[in-house]
Each structure stands twice: as C-alpha cells, then as structure tokens.
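Protein chains in written order, with numbering that gives the first Met the number 0: chain G, 0 to 219; chain Z, 0 to 251; chain X, 0 to 201. Accompanying notes for the structure given below.
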Amino acid sequence: MADTIVDSKKQGGLLGKEDMKLLKDPLHSNNPLTIQVLGICSALAVTGSVSKSLVMAVALIFVCAASSLIISLLRNSIPSSIRMIVQLLVIAGLVQIVEIVLGAFAYTAYVELSVFIGLIITNCIVMGRLEAFAMGNNPKQAFLDGIGNGLGYGWILVAMAVVRELFGKGTFMGWTILPTGPDGWYVANNLMVLPASSLFVIGIFIWIQRAVDPELVDKS
Amino acid sequence: MGEKKEMNVYAYVFMITSVTALVLSLLYTSLNPIFEANRAEAKKVAILSCIPDSTIVLEDPESVKTAYDSVKMIAITTSGQIYTKKDLDKINEMATGGAKKYGELAELDLANEEKRTEENRLYPVYEYKASNGKKTYVVAIRGNGLWDKIWGYIALEEDLNTISGIYFDHKNETPGLGAEIKDSDAFKKQFIGKKVFEKDNVALTVLKRPKKGEHYVTGISGATITCDGVTAMFAKGMSKYETYFDQLKNKK
Amino acid sequence: MGETLNIFIKAAFIDNMILAYFLGMCSYLAVSKTVKTAVGLGLAVIFVLGITMPINWAINTYLLSDGAIIEGINLTFLRLILFIAVIASMVQLVEMIIEKVSPALYNSLGIFLPLITVNCAILGGSLFMVSREYGFTESVSFGLGSGVGWFLAIVAIASIREKLRTADVPPALRGLGIAFIITGLMGIAFMSLAGLNPSDFN
C-alpha cells in the first residue's frame, strides 16, 4: 500500500512543504511507535536508560534513512521476485556496519545494547518504510521519510527512557536528579526499572496522545 | 513509465552480495583491531577499579596504562603451581577440552578456562604495589547467577583475607534486581573490610537479612537467587586460590 | 536428556520470548485480535524457530567462527546477513506449505506470514543461541521451547482481547493502549516464574 508519489518540484527551495510533511507527520499523527505500531520490541528493551535509548535512536535513524535512500536509488532495477531479499540484504548490511562501528568507537554502548543492535534488522519500521514509501518514491523523499520516521521513533524512545530512568533510578544520563540511597529522600520506583514497565509507559503515552488528538482514537 | 528491463536475477543477487560482502570485510578488518583494544582496555579498567588507590584515574587512559603496567600478573593452578608471562607456551599446551589458546598472558579468561579439565585450569593473580609500598592482590572468580553467568574481581589486602575492592559483572541478570550486583555502589561498598576466609574455609556469605559479622554482606531485595549465586561464586572461586595463598603466606 | 528438557521448559515458560524479553511484539499485537489467527501464526512461529535454530547453529559453528573453515579466518561479520537469509528462506518454505495445506489460514494470516521473517523473536532466538553458546541438541530444544512459549503468549492475549471487545474501555485507551497495559500485567505475572529451575524437580 504505497503512499502516493509527491512532487516537490512544485515547491521552491531545498525543502518544500511536502518534504516538511514527510519529516513532521511521523513525529505525531503517523508516529511509527504509537500509531503504526512498529518497532515495539526494541522500545521495550532499551528504554531503561536514556543513554542506551539515544544510541539506539541514532542507530535506527541511520539505518532507516540510509536503507530508504539505497533502496530508492535501486528501486527500478531490483527484479521483482527477489524484492524482499534485496531489502533484507541492504538492511542487514547497514546494521552490521553499525555494530562494527559501535564496537570500535562506542564500546560501552555496544556492550550495553548487545543483542539489540542486531535486532534493528527486524525492526518493523525499517522494513515497513521501505515497502510503503522507498520502493515508490524518489531518493530525496525516501531519505527524508527515513529520517522523519527515525526521529518519530527516537523521540518517543528517549521520552520513555527519561520517565523510566528518572522514576526508576532517580537519574538522568547517570547524573543524580532525585537522590536515592541512604542519604537521599527518594525511594526509587523499582517497577520502572523492570522491562515490563515500558509497556505501561507506552500504554499511557498512547492514551495521552489520543486524548489530546481525538482524531487518532481507535474507532473499530 | 516505460518498460522495466529486468536484469538476470542471479547476476543481480551475485552483484549485490559481492558489494555488501566487500564493504563489510573492509570495514571489519580496519576496525576490528580497535574493537579488540577496547575489550582489553575494559578488562584492565575492571581490574583496576577494585584497587583502592586514589591516584588511579579510571577515565584517563594514560593513568590506566601506567597503573596497569605496574601490575604483576601470574597464573596459578589449584595445586599451587605458578606460571608467568614467560610460560605462555606451556600454558597453551595445557589448553585441553577445546579451550582457546592465548596470544599473551593478559588474555587469560575464566570463561575459556572452564573448558579445560580442573588440573589444567589456570586462575589469574594480579599484584599491585602502591607508591606507599602497600600491596594489593586482585583475583578473579566466576559463577552462576539467576539467568546466566556472573563473574568478578576481588581485591585483597596483604593478609590475603580482607577485601579492599570489588567488581561484579553478569551476562544477563534482571535490570534493577540481579543486575544491581554490578550497578549498585551501596551493595559493593559493603564488601570492603570484610574477610573472605575463616581459618581454612571460605566464609563470605551474602545474606537476606542483615547480620553483624566480618563475613556477612546484606543481599539485594528481590534478587535472592543472584545473591545466593554470589555466595556460591565466592565459595567455589576463592577456594581455588587457597593453596597459592598458603604458599605466599609461608614465604613471608 | 535432562538438560535439554530443562532448556525447553525454561524457554517456553520462564524465559518466554514475549513476556520476559518482549521480542516479537509487532505481529503479536497485530494478529492477536482473534484466537484463530493467533493459533495459526503461533504454530507457524514454532515451526520456523524449531528449524532455523539448528541451521543457524550449524552455519555459526562450521562457517563463521574463528578458524572454522581455515585457521585464522573469522567471518563473524557475516553472521547477521546469513542468519536473516536462512530465516527468510524458511519463512518462504512455510508460506508455500500453508498455502497448499490450508488456503483459508493462508488468507486470514495475509501479510503477517511473510512478516515472520522480521519477527524479532526469530532472529533474537538465534542471537541468544550464539551468545549462550548452545550446542546442537540444545539449539533444537531452545528453538522449539521459545516457539511454544511465543505460541502460548499470543493465544493467551488473543483470548483476553476477544473478551475485552465487550468491555467498557475509555475511548483513548481502546485497542492498542489497553493491549499494551494487559501485556505489561502478563509480563509482571510471568516474573513470578523467574528463577524456577526445572531441574530442581527431577
């Protein structure tokens, strides 16, 4: 179900109105996590700390944007029978690059994220955007769409992590905000540190989002 | 729109896989050495983090290097045999059971040693002398947590019994519960000053309820099994060093 | 034999792919609207996990590890690509089998059958197998166990959601929001199983 092809040539400048829509929609009305329901697995697993979520968000933005760009460039030459295999190959290759680069330049993040770096391959957002958009649009738009969806995913991820880390450990990026321990007054909410809590947090985010914007309510 | 001229499927797959494989192998060969260096550095930092010397700045690679260079490392067996850097070939000959061979003594790793039969198994001892002459001995132990393996480095004072520093790590313990053995400074601080051995037995125990005593540490609420794993890890791991410690004490 | 059974039980109930690790959420949430589709997808997942685990084990041990082909050659950087290729082919196979055996099921599963390829639980399972250094029989046991665990979780939530349709849920929470919260509660319930060692009952 490909989105209709947009023509940015009608607008002037580097980023026309249609282009900005590609960047803005995924942040709210077409958010990959809360509306499209894609990419949930990693959102639940890495949101325990803000630093982990930031690394994951950046990694996903890179993979989503780069794969959308590459697939869009190749879209007219890929034989239709092996379409999905080529998509998977490109995604897997890019994720492997991320893993190698992280291991060399961000070793602590690499150790913390471990298995979940590889799981970016199965992140439905990347595959989903390739099928829904990149296969039918020009490279510049595909790239922007990739970045937009990556940002939409990234900001929810970091927001969840801020809530979970702040109430679960009293810290933000490792710095103490609410002092815990024998000298502090804040009793850390241990539920927030457990992986199951991210389901509650995301459920509440969805609730807030749909309460604020009734258009998004599930009418089925 | 025009007719889409499709390239032969096999040619296409071959082309795209070759390009991907080429890019990846180039990237891997150039960056892997940096990755291995990171891993070795992380291990050094873990060992040094136990040593109670405020002149060591763990965040400064220069400080880590100077400190680690002054660490004397040996490997011992449960029977008290000592091997040094020079005995690397002999050490690799003892690599039975599919255990990997080492490029240098510093690579000694308990996870790998587990594959060997007990009489061939080596345990590391890191000896550090501070500027004021005070010696610290760091040893390595390994055991089972709730979900998977746990391990740690224990720093001992010259009496080879009082703990002066500790480092724990785990493969897959529950964040916020079992994982606190690594993350909680409060938990780790309890170990400092406690004694491992009581006469000839390992007496260090992690308890559910606080109890006064030089062998007792209070566990983490909600992480009983991981903490029991820590107690078992001490019992098994520290007993391996008993013969060597006796030898060292008799030498003095 | 005991250890293999141990791994199976742990993977199915205690290390449950969905409720303990939260892998495989996307299709879990999307296909759990009715019990029938949940059962169909669950069975397909058991099959794919059970088959891809040993194949990926073989590839990892005999092709990719340090010195597997020739001493000194380490191909671990190709691991992700090869694993996902195996998974994609197996899913293709499953698709063809289901289309022949039960066209009705094939139609009701629709797009979610090929989407098993990108089900985090499948790739995640293989990556866990590598990280935990399982052997061959352990891989098979782990694969089948994880599949059964996934199956149980998705059928459970599908049954709950079918009942929820007649419940009085606030509009903004309807559908997705409440599904998440229920899954969270199930996850916490499953934590009570943590630490149970099946071998203690032998």
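Note that the Cβ used here is the ideal one computed from N, Cα and C, for glycine as well. Being a predicted model, the structure only gives us computed values, none of them experimental.
Between the options, which has its C-alpha nearest residue i's C-alpha?
i	options	result
Z/I153	Z/Y240, Z/E113, Z/T19 and Z/K89	Z/Y240
G/G15	G/L143, G/P31 and G/L190	G/L143
Z/T230	Z/G164, Z/I140 and Z/N160	Z/I140
Z/W150	Z/L206, Z/C226, Z/G192 and Z/A129	Z/C226
Z/A308	Z/F167, Z/V18 and Z/M93	Coverage of chain Z is limited to positions 0 through 251, which leaves residue 308 of chain Z absent and any answer about it impossible.
G/L26	G/L150, G/L165 and G/L177	G/L150
X/A155	X/I86, X/S101, X/S130 and X/T36	X/T36
G/A187	G/I120, G/P194 and G/T179	G/T179
Z/A10	G/E214, G/I34 and G/S76	G/S76
Z/Y125	Z/T135, Z/G79 and Z/N119	Z/T135
X/I17	X/G148, X/R131, X/I110 and X/T3	X/G148
Z/N171	X/N73, X/F127, X/C119 and X/M52	X/F127
G/L88	Z/K248, Z/G212, Z/T19 and Z/S29	Z/T19
Z/K193	Z/G177, Z/T173, Z/E156 and Z/D199	Z/E156
X/G124	X/F179, X/A193 and X/A10	X/A10
Z/F167	Z/K248, Z/F233, Z/L26 and Z/N37	Z/F233
Z/Y215	Z/I224, Z/K235 and Z/K187	Z/K187
Within 8 Å of any Cβ in chain X, is that where the Cβ of residue i sits?
i	result
Z/S24	yes
G/G92	yes
Z/T76	no
G/R82	no
Z/A98	no
G/C123	yes
G/D201	The question names Asp, but residue 201 of chain G is Ile in the sequence shown. Output row for G/I201: interface = yes.
G/C63	no
Under 8 Å between C-beta atoms, does residue i make it to chain G?
i	result
Z/G132	no
X/L112	no
X/V117	yes
Z/M0	Residue placement at Z/M0 is flagged as unreliable, the pLDDT there being 40, under the threshold of 50; a coordinate-derived value is accordingly withheld.
X/G206	The requested residue 206 of chain X does not occur in the structure, where chain X is confined to residues 0 to 201.
Z/I15	yes
Z/T217	no
X/P102	no
X/T182	yes
Z/K3	A caution first: Z/K3 carries a pLDDT of 47, below 50, which makes its placement in the model too unreliable to give a value.
Cβ of residue i less than 8 Å from any chain Z Cβ?
i	result
X/A120	no
X/A11	no
G/L193	yes
X/A193	yes
G/P138	no
G/Q95	yes
G/L88	yes
G/I99	yes
G/G47	yes
G/A58	no
G/A42	no
According to DSSP, is residue i part of a helix, a strand, or is it coil?
i	result
Z/G168	The amino acid occupying residue 168 of chain Z in the given sequence is Asp; Gly does not appear at that position. DSSP places Z/D168 in strand when its eight states are reduced to three.
X/V168	coil
X/N15	coil
X/N55	helix
Z/V216	strand
X/M89	helix
Z/E103	coil
Z/D151	In the sequence as displayed, the identity of residue 151 of chain Z is Gly instead of Asp. Here Z/G151 sits in strand by DSSP.
G/I34	coil
G/S28	coil
Z/M261	Look at the range of chain Z in this structure, 0 to 251, and you will see that residue 261 of chain Z is not part of it.
Z/Y67	helix
Z/F196	strand
Z/A252	The structure shown does not extend to residue 252 of chain Z, since chain Z is modelled only from 0 to 251, so the question has no answer here.
Near-chain G residues of the stretch 127–151 of chain X - C-beta to any C-beta below 8 Å:
F127 and S130
Taking any Cβ of chain Z, which residues in the stretch 73–94 of chain X have a Cβ under 8 Å from it, in chain order?
F76, L77 and I80
With a threshold of 8 Å, are at least 3 pairs of Cβ atoms found where one atom belongs to the stretch 24–40 of chain G and the other to the stretch 124–132 of chain G?
yes
Residues of the stretch 137–157 of chain Z with Cβ closer than 8 Å to any Cβ of chain X, in chain order
L145, W146 and D147
Short of 8 Å Cβ to Cβ, which residues in the stretch 34–58 of chain X face chain G?
none
Using a Cβ-Cβ cut-off of less than 7 Å, list which residues of the stretch 27–38 of chain Z approach chain X; keep chain order.
Y27
Decide yes or no for the touch test of the stretch 179–186 of chain X against the stretch 194–202 of chain G: beta carbon pairs closer than 8 Å, at least 3 of them.
yes
Pairing CB atoms from the stretch 199–216 of chain G with CB atoms from the stretch 60–69 of chain G, are three or more of them under 8 Å?
no
Selection of the stretch 54–81 of chain Z by Cβ proximity to chain G, strictly under 7 Å
none
The stretch 160–175 of chain Z: which residues have C-beta closer than 9 Å to a C-beta of chain X, in chain order?
Cβ contacts with chain X: K170, N171 and T173.
Does the contact criterion of 3 or more C-beta pairs under 8 Å hold for the stretch 181–198 of chain Z versus the stretch 5–16 of chain X?
no
How about the stretch 95–103 of chain G and the stretch 25–37 of chain Z: do they share at least three Cβ pairs that are nearer than 8 Å?
yes
Is the number of C-beta pairs between the stretch 127–145 of chain X and the stretch 51–65 of chain X that are closer than 8 Å three or more?
yes
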